[in-house]
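A.B. asks: Before anything else, here's the structure in question.
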Amino acid sequence: MSHMNPVSLARASSEASADPLPVSFTSRGHHRSNSTGGSTTSTPSVIRQSAFKNCLKPIPVPSALQQGIQCVRVHANGKTQTQYITLSHDKFTLYVTSQPLYGNNSNTQHKNKGGGMASWLFRRSSSVDSNATVNGSGTGDITSAVTTPTGARKRNAEVRAIDIGAIHRIQRGHANRRFEMLKKHRQDSLKSLLNTTAATTNDGNLSLNPGLCFSIIFRGDWTLDLMMTYGQPNITRDQVLDALDRVVQTYQAAKRQVSNEVLLLRYVWLDADKDKTNTIKANELGLLLDRINYQMKKSELNGLYDNFSRVLGLKSRDRKHGLTFEQTCTLLHKIKRDSWVVKPINQYWNKLFGELMNNGKPRMTVSDKTFLEKFLHAKQGEKNATLKDVQLIFARLNQFELPQVAGEGLPKDPHRIDKNRFEAYLLGQDNDAFDPVREFFNPGTMKRQISEYWINSSHNTYLTGDQLTSNSSIDMYSNALYRGCKCLELDVWDGGLSGDDGPVPVVWHGHTMTSKILFKDIIKAIKLYLNFHPDSFPLILSFENHCSLPYQEVMAEQLVQILGNSLYIPKEESLAGQLPSPWDLRGMVVIKGRRPANLDIDDYDDENSDDGAPSTVPSTTNSELTHTNSSLNASQAKTEQHRVHPALARVTLFHGVKYKGWDLSIMNPTHYMHSFSENKLRTLTRRTNRRKWAIYNQSHMSRSYPAGSRVDSSNYLPILPWSVGTQMVALNFQTADAALLLNDGRFRQNGGCGYVLKPSTLIDAQEGNGDGIPTKLSIRVLSGACLPKVNEARTGDCINPYVKVTVYDVQNGVKETVTSFQTNVVLANGFFPIWNSDKFHFHVENYEAAMVQLSVFDKKSSTSTDELIASSSIPISCLRRGLRSVQLYDTSNTRSGAFDFASLLLDIKKDRREEVTNGYYGTAKDYQIMNSPKETARPNSASSRATSTVERMAEI
1 MSHMNPVSLA RASSEASADP LPVSFTSRGH HRSNSTGGST TSTPSVIRQS
51 AFKNCLKPIP VPSALQQGIQ CVRVHANGKT QTQYITLSHD KFTLYVTSQP
101 LYGNNSNTQH KNKGGGMASW LFRRSSSVDS NATVNGSGTG DITSAVTTPT
151 GARKRNAEVR AIDIGAIHRI QRGHANRRFE MLKKHRQDSL KSLLNTTAAT
201 TNDGNLSLNP GLCFSIIFRG DWTLDLMMTY GQPNITRDQV LDALDRVVQT
251 YQAAKRQVSN EVLLLRYVWL DADKDKTNTI KANELGLLLD RINYQMKKSE
301 LNGLYDNFSR VLGLKSRDRK HGLTFEQTCT LLHKIKRDSW VVKPINQYWN
351 KLFGELMNNG KPRMTVSDKT FLEKFLHAKQ GEKNATLKDV QLIFARLNQF
401 ELPQVAGEGL PKDPHRIDKN RFEAYLLGQD NDAFDPVREF FNPGTMKRQI
451 SEYWINSSHN TYLTGDQLTS NSSIDMYSNA LYRGCKCLEL DVWDGGLSGD
501 DGPVPVVWHG HTMTSKILFK DIIKAIKLYL NFHPDSFPLI LSFENHCSLP
551 YQEVMAEQLV QILGNSLYIP KEESLAGQLP SPWDLRGMVV IKGRRPANLD
601 IDDYDDENSD DGAPSTVPST TNSELTHTNS SLNASQAKTE QHRVHPALAR
651 VTLFHGVKYK GWDLSIMNPT HYMHSFSENK LRTLTRRTNR RKWAIYNQSH
701 MSRSYPAGSR VDSSNYLPIL PWSVGTQMVA LNFQTADAAL LLNDGRFRQN
751 GGCGYVLKPS TLIDAQEGNG DGIPTKLSIR VLSGACLPKV NEARTGDCIN
801 PYVKVTVYDV QNGVKETVTS FQTNVVLANG FFPIWNSDKF HFHVENYEAA
851 MVQLSVFDKK SSTSTDELIA SSSIPISCLR RGLRSVQLYD TSNTRSGAFD
901 FASLLLDIKK DRREEVTNGY YGTAKDYQIM NSPKETARPN SASSRATSTV
951 ERMAEI
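Numbering-wise, UniProt numbering puts 658 at position 658 of the sequence shown, and it's gapless, one number per residue.
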């Protein structure tokens, strides 16, 4: 189809016939305007390709990656398959095929079939053709060779293509369950596939080469596990993955200059372009709208398509060829713009800046000065914003690429923006409701003793499901680490003998039907993570040690051998003073377990075991490895039960002891700590002085964990333990319930590094029991944008979204409160649902611990349960007032794939005295603590350390 210059004709909609529709992507220099002042008059422009479409082409990648690299793919059931990975010419798509994508002529790229846009946009095809082959010309019929599952999430289905925008991370090595299954059960299959003996071990069994293995994690927690085959010419795994990392990083940076609706259309284009002609025809427009969750009747669709085609000046025969990508973008923009009569952005534009200019003409643009005074200062509360800040914002917005219709062109004056760019700002990351000052990493906060931080922590990290029958998996440790977790739990048990009669420690949920994994394999996975994240803040391994002494000795040996210099081994003299800071422990693994020092037996903490089993249990299965005597009396048996091998004790920092009262606990050395179940925690907050607990947590560590009755691996709410300063609030990471999503929001702070400095009300000696100033909060849910289907399904009914707004708080220091409201349901519209809800009012008592959670659900029939689509959790202390966007996350805490474009628009009001210090909203004391670069001097003895805290205890 030849491209025709768009003409200024009447809009397709009869109710607004005076509005012409030139089709173009605009950024400054791409759109001609003869506007003056506030109004603009658009001149029809030639269709211009977006710069974004070519943003990845300059990135250098190995030629082999674009020609096809042979790999062994490992499936979830341990089966293997020879496949090829190929990066598209434009580098927006990674194809995974069962044969070379471009046939024998590997130098021929897919540039011809479907034109340039087809190469750029092609990502996946919903049709499956197992007999598909590339054509003989060498150009490659990608449309038949690449397939993927459709509809709802299918864990066992093959994924044959990955959009660069959907990639969450690329993980090197083979530390996951699929590779473990292959290594144990599929040696013969792998050997046959590789047709080589180059990687055989001494016993003749083929082993995986970790230097060739890698996993691509995308669309939340979907994985593609591969090992490059031997003999790849002039290419290494790291060269391939470094190139992919560069491509992904460039994409993430470039997308910030493109509107979400353009990104969304690029992402779904080929799901709707069924015939792969690189255009959207009339019969495909309905598929496209269903894909983005906007429902129209067939008669309306046909009328819309015909009217819009006439606006473009397309003749009857040209209409059959379909709309180009740019034309389709403009059509979607028109559909959305037609709702502006009731659209919140239009209402707030008129309310903030006035519907008319001073000259009486309709307001089409706003100046930087007006934007600063009436919007940033008055509405958003950003009192320290300057005119220079606004000019920088405008410069970026005026380079923004988005579809335009006539009457919405760029203003000639760079000191002005139009309504489209105002909308782009409102929905963008710069206007996020989560305060960016609190979200960004601040190294100045990391040099205080580790007890002054909340630490992202997991419970029974190894489990994939429930506490009784689910599998244990190394994957769960990698998943937790990349989710930001910094405290991992290992339940370690005697696992029998190896082939050389050596003890083999294993990790599992003892006395259940859960599976077992090797202790050393978990440590290897952790070391692998540290190899690629050497500046990670300390990883705490919480041992629930049920091993006999010989197995404990092996544990210590494996920790030292595998972790090497990454294992923190505390010196005796360092244990007498304050705890080290996270900054001191960068790149280190810290052990939490037992480090006894001539304690009475009654001081050992049986509660340190989450499941109620003794923390150390002598093995009686092998007489050569145990030395128990049936004649031991009860005292001797108890002593034997709690014995810890000196080698393991030597590498341990945090030592669990029994709680006997806060006055006694505060006298313990700082490396002594307590662990409490959720039930014990609630009891202590009711029956003891919670201020003393908060003061204890200023210098000592404590940990909480789910009740043993939660066999389904559900979670307890973390707000209460956070409110008393508990550092390690351990949750089941395998269950993405409201509690875990709150945890994700809490540790979104400080760059997601896993450590968040506690507020001054919990750190400062004089404010150990403070909850902050009560706050009145009101939230009005206005609209949404680009909401995906549940689990990012590509087919199915359009969603019926509604939003649930919930505030989690602590009342009177002891009672957890949950207050919820929800909007009405918008039927069959996830593309731009408009709620304009009533204001939801909340009274927040514990300002520093409380959080708000915004959850988008799909309303089902009365016989079905509503399903969660996406959510976002924000600490009240990090919530900004004003007209704000909320970036939505999937249940894996990522914004990859279709979730990358999903957002809400809120109007937020906070009635609280806040002191603004260099852009930070909160108390001046908190700001001072956050930005204190110096480390507190360490006392030389435990007695000198305890003096000030004991005095504070005496005052209470």
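The C-beta atom is built at its ideal place from N, Cα and C for all residues, glycine as well.
Once DSSP output is grouped into helix, strand and coil, what is the label at E300?
C.D. replies: helix
A.B. asks: S675: which of V657, K692, L402 sits nearest, CA to CA?
C.D. replies: Between S675 and the set V657, K692, L402, the nearest pair of CA atoms involves V657.
A.B. asks: Helix, strand or coil for P721 per DSSP?
C.D. replies: helix
A.B. asks: So, for L468: in the same chain, excluding its five sequence neighbours on each side, which residues have a beta-carbon less than 8 Å away from its beta-carbon?
C.D. replies: H509, T512, M513, T514, V711
A.B. asks: Within 10 angstroms of its Cβ, does N545 collect 16 or more other Cβ (buried), or is it exposed?
C.D. replies: buried
A.B. asks: Should S873 and L684 be called a contact, given that it needs their Cβ atoms to be closer than 8 Å?
C.D. replies: no
A.B. asks: Residues in its own chain within less than 6 Å of L762 by CB, not counting five upstream and five downstream?
C.D. replies: A694, G725
A.B. asks: Rounded to the nearest angstrom, what separates S783 and A828 at their Cα positions?
C.D. replies: S783 and A828 have their C-alpha atoms roughly 14 Å apart.
A.B. asks: Can you give me the start and stop residues for the beta strand (DSSP E) that W583 sits inside?
C.D. replies: Unbroken run through W583: none, as it is neither H nor E.
A.B. asks: For E816, collect the residues of the same chain with a Cβ closer than 8 Å to its Cβ; drop the 5 residues on either side in sequence, then sort them by chain order.
C.D. replies: Leaving aside the five residues that flank E816 on each side, the residues in its chain whose CB is nearer than 8 Å to its CB run, in chain order, L717, I719, L720, Y808, D809, V810.
A.B. asks: Under 8 Å, Cβ to Cβ, is there at least one residue of chain B near D858?
C.D. replies: Reference to chain B is not applicable here, since this structure consists of a single protein chain.
A.B. asks: Who pairs with Q822 in a beta bridge, going by DSSP?
C.D. replies: K804
A.B. asks: Can you tell me the Cβ-Cβ gap for I562 and K516, rounded? I've got them flagged as a contact below 8 Å.
C.D. replies: In fact, because the Cβ distance is near 19 Å, the residues do not count as touching under 8 Å.
A.B. asks: Does the beta-carbon distance from Y705 to A730 come in below 8 Å?
C.D. replies: Result yes, Cβ atoms of Y705 and A730 sit closer than 8 Å.
A.B. asks: To the nearest whole angstrom, what separates the beta carbons of I216 and I167, a pair I think is in contact under 8 Å?
C.D. replies: Going by Cβ atoms, the distance from I216 to I167 rounds to 6 Å, so yes, they are a contact pair.
A.B. asks: Out of R912, R448, G231, which has the shortest C-alpha to C-alpha gap to L585?
C.D. replies: When the alpha-carbon of L585 is set against those of R912, R448, G231, the nearest one is in R448.
A.B. asks: Look at the alpha carbon of P534 and the alpha carbon of V644, and state the distance between them as a whole number of angstroms.
C.D. replies: 30 Å
A.B. asks: Give a yes or no on whether the C-beta atoms belonging to F440 and G751 are separated by under 8 Å.
C.D. replies: yes
A.B. asks: To the nearest angstrom, how far is it from the Cα of N278 to the Cα of V825?
C.D. replies: 35 Å
A.B. asks: How about A433 and R73: are their beta carbons less than 8 Å apart?
C.D. replies: With contacts defined by Cβ atoms closer than 8 Å, A433 and R73 do not form a contacting pair.
A.B. asks: With which residues is W454 paired in a DSSP beta bridge?
C.D. replies: For W454, the beta-bridge partners assigned by DSSP are V756.
A.B. asks: In angstroms with no decimal places, state the Cα-to-Cα distance between A851 and V805.
C.D. replies: Reading off the sequence, residue 851 comes out as Met, not Ala. Going by the C-alpha atoms only, they are around 11 Å apart.
A.B. asks: Excluding the 5 residues flanking I170 on each side, which residues of the same chain have their C-beta closer than 8 Å to its C-beta?
C.D. replies: F214, S215, I216, I217, L241, L244, D245, V248
A.B. asks: When the Cα atoms are used, what is the spatial distance from L906 to E382?
C.D. replies: Rounded to whole angstroms, L906 to E382 spans 17 Å at the Cα level.
A.B. asks: So, N893 versus R438, is the Cβ gap smaller than 8 Å?
C.D. replies: no
A.B. asks: Helix, strand or coil for T761, going by three-state DSSP, please let me know.
C.D. replies: helix
A.B. asks: Please state whether DSSP places D521 in a helix, a strand or coil.
C.D. replies: helix
A.B. asks: Report the three-state DSSP secondary structure of Q449 (helix, strand or coil).
C.D. replies: coil
A.B. asks: Work out the CA separation of K910 and S665 for me, nearest whole Å.
C.D. replies: 39 Å
A.B. asks: Out of H671, G564, L539, which one is the CA nearest neighbour of P596?
C.D. replies: H671
A.B. asks: Just to confirm my understanding: we take D225, look at its own chain, exclude 5 residues before and 5 after, and list those with CB closer than 6 Å. What are they?
C.D. replies: V74, R178, S215
A.B. asks: Measuring alpha carbon to alpha carbon, tell me which of R319, P875, N346 ends up nearest A282.
C.D. replies: R319
A.B. asks: In the DSSP output, what is G882 paired with across the bridge?
C.D. replies: I908
A.B. asks: Considering W225, what are the terminal residues of the beta strand (DSSP E) in which it resides?
C.D. replies: In the sequence under discussion, the amino acid at residue 225 is Asp, which differs from the Trp named in the question. Counting along the chain, the unbroken beta strand (DSSP E) around D225 starts and ends at 222-228.
A.B. asks: Is the beta carbon of C878 sitting closer than 8 Å to the one on D221?
C.D. replies: In this structure, C878 keeps its C-beta atom at 8 Å or more from the C-beta atom of D221.
A.B. asks: Look at the alpha carbon of S498 and the alpha carbon of L648, and state the distance between them as a whole number of angstroms.
C.D. replies: 20 Å
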